[in-house]
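In this note's numbering, the protein residues as written are 113 to 264.
The beta-carbon is built from N, C-alpha and C at its ideal position, and this holds for glycine as well.
Bear in mind that the values here come from a model prediction, so they are computed numbers and not experimental data.
Working notes, beginning with the structure itself.
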Ligand SMILES: CC(C)(COP(=O)(O)OP(=O)(O)OC[C@H]1O[C@@H](n2cnc3c(N)ncnc32)[C@H](O)[C@@H]1OP(=O)(O)O)[C@@H](O)C(=O)NCCC(=O)NCCS
């Protein structure tokens with residue numbers, strides 16, 4: 113029988129460990145996202161409402177997602193996919209990982225300047241539920257509050 117090599121078999125999502133932090137910081141730097149500091153990371157390890165996951169493709173970390181849980185709701189704190197691997201469905205894999213758990217709502221705040229991320233969330237069926245004026249200070253911008261009601 114003919115066999116097909118499927119891309120989907122080569123990726124894996126698992127929890128970020130302290131030894132992943134330098135690579136995560138590299139990605140955050142590449143994407144101009146806030147750097148996750150070691151101190152902060154260590155504190156989150158004892159916080160069961162905070163999760164940090166990585167997307168590994170062929171042994172390389174190409175994406176990550178930080179989120180917090182509050183009962184059946186979830187807040188996306190940070191998400192990133194390495195530029196070379198963007199627009200290939202990797203960010204969607206990370207959000208789908210969230211959707212597969214028993215969550216009711218997923219919330220995220222995005223700068224009105226971050227058109228890429230807004231388009232990303234809209235294409236995943238997030239809806240705009242609010243605007244937070246001057247939410248970001250550097251550079252100054254408003255935030256759009258988006259929500260995905262989970263159907264799972
Ligand atoms: C936002 C981000 C994580 C998206 O990751 P990605 O791997 O490129 O996204 P995907 O390829 O999974 O895209 C999923 C869907 O969003 C759409 N999408 C993604 N980026 C888009 C863009 N710039 N414009 C329009 N649509 C876009 C895709 O077309 C796809 O739609 P489809 O399922 O209908 O085909 C990535 O662009 C990133 O790391 N950005 C920098 C960091 C950042 O801004 N993070 C968000 C704020 S915390």
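Any non-hydrogen atom of ligand 1 within 8 Å of residue i CB
{"i": "residue 99", "result": "Any answer about residue 99 is impossible in this case: the structure gives the chain only from 113 up to 264."}
{"i": "residue 235", "result": "yes"}
{"i": "residue 190", "result": "yes"}
{"i": "residue 153", "result": "no"}
{"i": "residue 240", "result": "no"}
{"i": "residue 232", "result": "yes"}
{"i": "residue 260", "result": "no"}
{"i": "residue 162", "result": "no"}
{"i": "residue 197", "result": "yes"}
{"i": "residue 150", "result": "no"}
{"i": "residue 122", "result": "no"}
{"i": "residue 204", "result": "yes"}
{"i": "residue 181", "result": "no"}
{"i": "residue 220", "result": "yes"}
{"i": "residue 128", "result": "no"}
{"i": "residue 193", "result": "yes"}
{"i": "residue 143", "result": "yes"}
Assumed close pair residue i, residue j - CB separation to whole angstroms, cut-off 8 Å
{"i": "residue 176", "j": "residue 192", "result": "6 Å"}
{"i": "residue 227", "j": "residue 256", "result": "No, residue 227 and residue 256 are not in contact; Cβ-Cβ is about 11 Å, not under 8 Å."}
{"i": "residue 161", "j": "residue 182", "result": "7 Å"}
{"i": "residue 253", "j": "residue 223", "result": "5 Å"}
{"i": "residue 167", "j": "residue 205", "result": "6 Å"}
When the options are compared against residue i, the one with the closest alpha-carbon
{"i": "residue 237", "options": "184, 146, 262, 186", "result": "262"}
{"i": "residue 141", "options": "167, 258, 195, 203", "result": "195"}
{"i": "residue 137", "options": "129, 149, 205", "result": "149"}
{"i": "residue 165", "options": "135, 222, 185", "result": "135"}
{"i": "residue 174", "options": "201, 161, 159", "result": "201"}
{"i": "residue 211", "options": "244, 251, 188", "result": "188"}
{"i": "residue 219", "options": "126, 258, 171, 132", "result": "258"}
{"i": "residue 260", "options": "122, 250, 157, 234", "result": "234"}
{"i": "residue 170", "options": "157, 123, 190", "result": "123"}
Any chain D beta carbon closer than 9 Å to residue i
{"i": "residue 208", "result": "Going by chain labels, chain D is absent from the structure shown, which holds only one protein chain."}
Return the chain-ordered ranges of every beta strand (DSSP E) run that is complete within the segment 186-238 and spans a minimum of 3 residues. 217-223
Every unbroken beta strand (DSSP E) inside the segment 128-194 [3 residues or more]: 162-169, 172-182, 185-193
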